[in-house]
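*Asks:* Here it is, the structure, as structure tokens.
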Amino acid sequence: MKYTDEQRNAITKEGDVLVSASAGSGKTTVLVDRIMHFISLGIDLERMLVLVYNKQAATQLKNKIAEKLLEKIYEGKSEYQKQLDYLPFARIGTLDSFCFHSVRENFDYFSIASDFSVASDDEMRNYYLKAFKAMLKDYYSALEQDTKGDSISLIDMMVEIFSTRRSDEGLMNVIIKLYEIKESMPDGDDFLKSLADDFKDFKNNKYFDLVLDELGKRIKPQLDDLTFKAASLDREADKKQLENITGVCFFADEILKAKSADELSVVLSRAKFDRWPTPTKAQDKLFIGEIKKLRDEIKDSVDYFLSNLASAEEMKFSFKQNSAILTELVSAVFAFEKKLDDIKRKNMKFSYSDIEQMMLKLTDSERGAAIKDSISLVYIDEYQDINRLQETLIARLAPVDSCFMVGDVKQSIYGFRLADSDIFIDKFMRYKSGEGNALELTANFRSKDEILEFVNGLFCKIMTVDTSKIDYASAVFQTGKKDDPKGGRVEIHTFAKPSKAKKEIDGLYDITKDKDTEEELKSATSEGKFIADKIKELIKSGEFKNYRDFAVVARSRNTKTKIICQTLISEGIPVSGKDFIESDDEATKDIILLLKAIDNPKNEIPFAGFLLGYFGGYTEEELIELKNSYPAPTLYDSLTAALSGGKLKEKASETLDLLTRYRTAAAMTTVSEFVREVMFETDYNSFSVAKGDGLYEIERLLRSAENTEADLSVSRFLQYYSEREEEKIQNVPRDNMVSFLTVHASKGLEFPVVFVVNCSERFSTKTESGELLIEKDGYIGIKGYDTAKKEKKKSLSYFATKIKIQRREFAENIRLFYVATTRAMKYMFITGEDGSFGDGKSFMALVNSVYSGKIIRHDSDETSRGKEDLRLDFDKPDKKIVDEILKAQSYVYPFSAATAVPQKQSVSGIVENDEESYVATPFDEENMQKGTAYHTVMQNIDFEEKDVRGFIGSLVKEGILSQKGAEVVNDKEIEDCLNSDIIKYAIGKKCERERPFTMLCESEGEKVLVQGIIDLMIYDNGEVVLVDYKNSAREDKELIATYSKQLEYYKKAIEGKYKVKASVIYSFPRRKSLCVEGKF
């Protein structure tokens, strides 16, 4: 491959290196080739730690490295075989995975069980609830001993401020929020304690500084423009306007000079904007109008600040009150953490943040030093998306001058997961100053020049240091396509929003409201129709033959994007990503939870969901009461125990009777008929209608299962539903479908044609509201509280933190738009609703603020054509081009047989291809489950184990073997295997079980990558004996004839390193071992 100078430098540069790799610049290629470069310098894969963002990325990276290693081996460089052999064991994966395995290997250091696991989201939420209730119980018990009563007022105040509907749930959510941010930091305890320090001095605090800075950003530019333009006014003719402007300018200047919250409050309280004088006929109304617009913008800004800031005295009071509440709140978080830690240790289930915190402690120990000593080089992909805790972990693990970090801070879009883009930005600046090596990859190999020009032009203006801490203009895209860089297109289309006529509302409810909503959504239907027509047009033109060449990218899933998706489907466009319509189906979930409760009431989490759902009717408090008052292994057992007495006795009896009745009814009919009967009986039909398309979705699910085996039993139906949902969740584009994706899901992908849709959707403001605001830089917003009136009040901290969050989220929205606009290879269409975009709070507003090109506007009754027709020129093509296309379509690939050989195969697959006489045992689900179960037992069992059934039970308990798997294992067959000659031979010798390998083989005249697993390798004085377990009952000769080829491949895989003494098959049904080759 021919590299650019930028790429070559990134591949070979030694020392600590941070690479800013723009979209489409080939960062994965650089990462793989850098790994290969340092392997060539003598550093083994075994001494590398490669961190990527998910399991799929790890698999893809391993495959690419395998391909490179195989190329070297195929060239005759046998020294690379060692790296290929080690590749399955290489530390290539997520940081979470690395920490999990490291902590598990050192479980005794943390006094936890070796079989600890990661808690699910539902389990963690349950732990949170239990910990909060336990903490609150302790608090109120302590209050009973408090004679002063001060603590009582603070606790009551916290509940009043942070909770609603006379519930303490709001306070719990605030404590959880603070706890989770604390857990994402290496110094979380210190972070929490420092929050109260910022409330010590009202006259000198960062909250006021931020408010004043924001005020300056909103007023100063308009003030400068206003002053400049006012200089052109005539002192006599424009006298009244000049007097008005002079007052505004004087007032604005006084605001900007404020040095304290006191001064600012006083100045704002004197705010007075005289009425703007009407211009005379002699005056230049257009110019006067421009000046008035600037004056009004200053007035609007001042009004905004006045509406969010209280008087000086009120601000001082709330500031002092915030300090007291925050001190108490931080104490509550620590108390909550202690209770939560007890619960997690009791269940031996932890979050990934817990495991990373454990890993942080481990790095301070001798064991951690040993882990660090095993690492020579560290590689981090998607570096822009790490948090502060992860950054500290990496710094502690990486040796000096060994860290290679690659990412694109312009694509940092995971702030909601507490990713901190500032880490990348700050380090890049430090490295540019000489602390390390800061490199850039700016050549784009993905997109046509026209797309790059649009992206550069747009983001040079909107992605700046001021808006997002990024100076896009300093590293714009360069074209990497030298052969065919031209021929792309970018179009912007808007669709008219129907006008709303004024309606008189008689009474409390306007029955026309829903109709108005439907009218407003017509623009989304027009948008979808335009996209469908454009796709059909481009397919018909002949340039694109496949629907998979098209992608529709939306900022989020909402009503409008669902309508766009539904319109595409109704227009006959095959779409993958139908979860834009289906995945919010709450109504179906209640039905599924009911069926799971009927099928297996002792499955804890689904049963809890059933109890909390429509059919159970329990509250979270009742579930806690159930578990605390009637301790039992499962909730179902607790429910049964509640029949003995107590306040839940009657409700528990009703629930158990309901389950018994439903279980009997479900057994007497099909699942679909049973569900319909239950929905009618319980009036669930009405409830599901209230959930939007809930009733429709349930009926569609039932009809899809009818007349199939899935409808015959509850367990089969649930299996069918699970497979259906898994297919939906994966959201992998099918063979030939248009991909409909969120921006987050599209990251890392590319398509020839991309539609960025619903661009007029306003940015979300959810995180700017709530009872408590917190920002990772240490800003926390708490409202004031009037204890006498029991009213929440404005506060300086709340307003300032809101500003901080608005800035961060605006920057992330700019980066989201960058990701969306860099997916297209050839054509990009940006679409949205027409309207006013002056506030800059949508993708279309960002475009409109700086874009001076043509925007095609579609009337409300138009779909595929706009007022300015800039459609791509795909009219009748040239006859010569048609002939070339037809010739290409009729072309027959001379080596078509080789296309049937996959790039990567298992040994069994190769054996089937190479050996025509091989007849495989029917590979049904039962046989597969049995084979997996036997191999799991033999992989884990001590060869001198006496209690086989007891050991199998322990595997089930530890989650290593399923209950169904345990049931298919014949204890006597395992016992006979342990007493066989081959296992007795293995006892006392070094053994390796389930040894994976990778090798290059020839199949159908093609070189293919082959992977396999050797069941057992027994080492004996420099030689090895290979053992392969089989569940086949064939005769000796047939067994050997059938599987000898497979063992031959095993031998080839390792004979470069070991001499094979013998190859052995062990048959469980026949209870004997057979030597295929050699003797042991």
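The C-terminal residue of the sequence shown carries number 2365 in the numbering used here, and the numbering is unbroken.
Cβ coordinates follow ideal geometry from the N, Cα and C atoms, glycine included.
Take the Cβ of G1473 as the centre, count every other Cβ of all protein chains shown within 10 Å, and call the residue buried at 16 or more, exposed below.
*Replies:* Buried, because 16 or more other Cβ atoms sit within 10 Å of the Cβ of G1473.
*Asks:* For E1299, count neighbouring Cβ atoms within 10 angstroms of its own Cβ and tell me buried if that reaches 16, exposed if not.
*Replies:* When all chains shown are included, E1299 counts as exposed.
*Asks:* In terms of DSSP beta bridges, what is A2347 paired with?
*Replies:* In the DSSP output, where bridge partners are listed per residue, A2347 has V2310 and G2363.
*Asks:* Below 8 Å on the Cβ atoms is my guess for G1773 versus I1736; work out the distance and round it to an integer in Å.
*Replies:* Indeed they touch by this definition, with Cβ atoms about 5 Å apart.
*Asks:* Between M1748 and M1714, what straight-line distance do the alpha-carbon atoms span, to the nearest angstrom?
*Replies:* Cα to Cα, the separation comes out at about 17 Å.
*Asks:* What residue range is occupied by the uninterrupted beta strand (DSSP E) comprising V1552?
*Replies:* Run containing V1552: none in the beta strand (DSSP E); it sits in the alpha helix (DSSP H), A1546 to S1554.
*Asks:* Can F1487 and K1601 be called in contact, C-beta distance under 7 Å?
*Replies:* Contact: yes.
*Asks:* Compute the distance between the beta-carbons of T1258 and S1307, then report whether it is under 7 Å.
*Replies:* The structure shown does not extend to residue 1258, since the chain is modelled only from 1286 through 2365, so no value can be given for it.
*Asks:* Smallest Cα separation from K1733: which of Y1969, L1908 and T2106?
*Replies:* Checking every option, the nearest Cα to that of K1733 belongs to T2106.
*Asks:* Using the rule of at least 16 other Cβ atoms within 10 Å of the residue's Cβ for burial, across every protein chain shown, is A2367 buried or exposed?
*Replies:* A query on residue 2367 cannot be resolved here, the shown segment of the chain reaching from 1286 to 2365 and no further.
*Asks:* T2116 by DSSP, collapsed to three states: which one?
*Replies:* In the structure shown, T2116 sits in a strand (DSSP, three-state: E or B).
*Asks:* Please classify I2272 as buried or exposed, where buried requires at least 16 neighbouring CB atoms within 10 angstroms.
*Replies:* Classification for I2272: exposed.
*Asks:* So the candidates are D1318, A1342, C2262 and E2056; which of them puts its Cα closest to the Cα of I1446?
*Replies:* Ranking D1318, A1342, C2262 and E2056 by Cα distance to I1446 puts E2056 first.
*Asks:* Output needed for G1813: all residues of its chain with C-beta closer than 6 Å, excluding positions within five of it in sequence on either side, in chain order.
*Replies:* Counting only Cβ-Cβ distances below 6 Å, and skipping sequence neighbours, we find I1849, T1852 and L1853.
*Asks:* Throw me the rounded Cβ distance for the A2347 and K2364 pair, which I believe falls under 8 Å.
*Replies:* The pair is a contact, with the Cβ atoms about 6 Å apart (cut-off 8 Å).
*Asks:* Given that a residue counts as buried once 16 or more other Cβ atoms are within 10 Å of its Cβ, and exposed if not, what is K2152?
*Replies:* The predicted model places K2152 with a pLDDT of 48, which falls under 50 and marks its position as unreliable; any figure quoted below should be read in that light. When all chains shown are included, K2152 counts as exposed.
*Asks:* Nearest to Q1368 by CA position, among N2264, I1320, E1856 and E2097, is which residue?
*Replies:* Considering only alpha carbons, the answer is I1320.
*Asks:* Determine whether the beta carbon atoms of C1384 and M1644 lie at a separation below 7 Å.
*Replies:* Yes, they are a contact pair.
*Asks:* Between the alpha carbons of K1932 and Y2070, how many angstroms are there, rounded?
*Replies:* So the two alpha carbons sit approximately 37 Å from each other.
*Asks:* Could you tell me the distance, in whole angstroms, from the CA atom of M1420 to the CA atom of A1620?
*Replies:* Whole-angstrom Cα-Cα distance: 6 Å.
*Asks:* Who are A1306's beta bridge partners in DSSP?
*Replies:* DSSP, once it has assigned bridges, lists L1726 as partnering A1306.
*Asks:* Would you kindly check if the distance between the Cβ of A2109 and the Cβ of V2039 is under 7 Å?
*Replies:* Yes, these two residues count as a Cβ contact at 7 Å.
*Asks:* Kindly indicate which three-state DSSP category E2279 falls into: helix, strand or coil?
*Replies:* Looking at E2279 - three-state DSSP - the assignment turns out to be strand.
*Asks:* Please confirm whether E1676 and I1708 have their CB atoms less than 7 Å apart.
*Replies:* Against a cut-off of 7 Å, the Cβ pair of I1708 and E1676 comes out as a contact.
*Asks:* Mark V1750 as exposed unless 16 or more other C-beta atoms lie within 10 angstroms of its C-beta, in which case mark it buried.
*Replies:* The residue in question, V1750, is exposed, as its Cβ has fewer than 16 Cβ neighbours within 10 Å.
*Asks:* For the beta strand (DSSP E) containing E2076, name the first residue and the last one.
*Replies:* E2076 -> beta strand (DSSP E) spans E2076 to K2078.
*Asks:* Note the first and the last residue of the continuous alpha helix (DSSP H) segment covering E1266.
*Replies:* An answer regarding residue 1266 cannot be provided, because it is not within the stretch 1286 to 2365 covered by the chain.
*Asks:* Report the residue from D2232, N1294 and R1946 whose alpha carbon sits nearest the alpha carbon of L2263.
*Replies:* The shortest C-alpha separation from L2263 is found at D2232.
*Asks:* Output the distance between the C-alpha atoms of F2095 and S2247, rounded to the nearest integer angstrom.
*Replies:* Computed Cα separation, rounded: 48 Å.
*Asks:* On a Cα-Cα basis, can you pick out the residue from L1911, V2310, S2007 and K1623 that is closest to K2336?
*Replies:* The residue with the shortest Cα to Cα distance from K2336 is V2310.
*Asks:* Among D1756, E2230 and I2226, which one has its Cα closest to the Cα of L2240?
*Replies:* Selected option, being the one with the closest Cα: I2226.
*Asks:* Expressed to the nearest angstrom, what Euclidean distance is found between the alpha-carbon atoms of P1859 and T1289?
*Replies:* Those two C-alpha atoms are separated by around 39 Å.
*Asks:* With a 10 Å radius around its C-beta and 16 neighbouring C-beta atoms as the bar for buried, classify P1886 as buried or exposed.
*Replies:* By the neighbour-count rule (16 or more Cβ atoms within 10 Å), P1886 is buried.
*Asks:* Could you say which of Y1338, S1305 and A1839 lies nearest to L2101 if we only look at CA atoms?
*Replies:* Nearest of Y1338, S1305 and A1839 to L2101, Cα basis: A1839.
*Asks:* Are the CB atoms of I2298 and L2324 within a distance shorter than 7 Å?
*Replies:* Contact: no.
*Asks:* Apart from the five residues on each side of it in sequence, which residues of its chain come closer than 7 Å, Cβ to Cβ, to I2014?
*Replies:* Here the model assigns I2014 a pLDDT of 42, short of 50, so the residue's position is not dependable, and the following value carries that caveat. Around I2014: no qualifying Cβ.
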